[in-house]
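In my numbering, each number is its position in the sequence shown, counted from 1, plus 189.
Each residue gets a CB set at the ideal place from its N, CA and C atoms; glycine is no exception.
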Amino acid sequence: MVWAIIGIIAGIIIGLSATYTIPIEYVKYTAVILVGLLDSIFGAIKAEVSKEEYNQTIFLTGLIFNIILAIGITLLGERLGLDLYLAVTVVFTFRIFSNLGIMRRALIDILNKKKK
């Protein structure tokens, strides 16, 4: 878990210091990929914190499936002339906030047990 946090912090620092810009054609795809990645990461953290069974295979397959599905829906929206990437973003964001709520409750339970 510590290595994951170190990796996330290092990635953020490297990303903020990089001067690469994403071409405008790929901005929608990049957005849904990032939100899909965050959804999978927060889901894995939730499984770790809330004492659910964390399985690396489930994490990796879920991550790949989320990204492929998000790109597919975004591509379909592009072909149909619809902004379906917004729907993908809303769903992933809802799942992220749901996972954060579960993590918060689990951490509060852990802190309350330590006080007793």
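Query	Result
For residue 239, three-class secondary structure by DSSP	coil
Outcome for residue 244 when other beta-carbon atoms lying within 10 angstroms are tallied against a minimum of 16	exposed
Span of the alpha helix (DSSP H), counted from its first residue to its last, around residue 290	273-304
Residue 285 beta carbon near the ligand MG (any heavy atom closer than 6 angstroms)	Summarising the ligand content, the structure contains no ligands, and the ligand MG is consequently not present.
Spatial distance of residue 290 from residue 235 (CA atoms)	9 angstroms
Inter-residue CB distance, residue 278 and residue 220 (contact presumed, cutoff 8 angstroms)	6 angstroms
Residue 288 vs residue 231 beta-carbon contact at 7 angstroms	yes
Top-ranked residue by Cα proximity to residue 295, from 240, 274 and 266	240
Straight-line gap, residue 233 to residue 226 (C-alpha atoms, nearest Å)	11 angstroms
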